[in-house]
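Read the structure below first, then the notes.
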Amino acid sequence: RLSGFDEDLIELIVEPSDELIPHFRERYGVDKVDFVFMDHWKRSYLRDLKLLEDYNLLEEGSVILADNVLFPGAPRFLQYVKSCGKYRWRLHRAHLEYFRSIRDGMAELTYIGVKGTTMMTQIGSESRASDIPPPDSSQIK
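Residue numbers (this note's numbering): 100 to 240.
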């Protein structure tokens, strides 16, 4: 009910991600995930993505949305996604909801598997992943 959906559709699980992901199959009967929303400790994004991969929980077409990848930022996560060849991805540029002057972004990843090539586009125009600027520390107040 907390999620706003019928309990038959959505099960909200509140647990540390690094403790939950390895046990999806045995505890919850989850074989593969269709959708993952990351909006927790940014330094944990890469660890959690690799756990999803290592436990074979992603399938072709699985979508991962990772919030605040530019500010406060998840640079190791972005570098991995850019270089691993397992994802097609886009950066949705935005501003922080509570500090409109700070630029941010949300990464949308689609798992294509290990044989794919990495592709990143920015909404509205083509862009290379290396074009993503690091967060501007002068914007931190």
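Glycine is no exception: its CB is placed at the ideal position from the N, C-alpha and C atoms.
Report the CB separation of V132 from S161 in whole angstroms; it is logged as a contact under 8 Å. 6 Å
Please confirm whether D117 and R142 have their CB atoms less than 9 Å apart. no
G204 and N155 - do their beta-carbons sit closer together than 9 Å? no
C-alpha gap between I201 and E207, whole angstroms: 20 Å
Restricting to Cα atoms, I'd like to know which of W140, R187 and L169 is closest to L195. L169
From what residue to what residue does the alpha helix (DSSP H) around F170 run? From DSSP, F170 is part of no alpha helix (DSSP H); its letter is neither H nor E.
Could you check where the alpha helix (DSSP H) with V180 kicks off and where it finishes? P174 to C183
Start and end residues, beta strand (DSSP E) containing S161: L157 to A165
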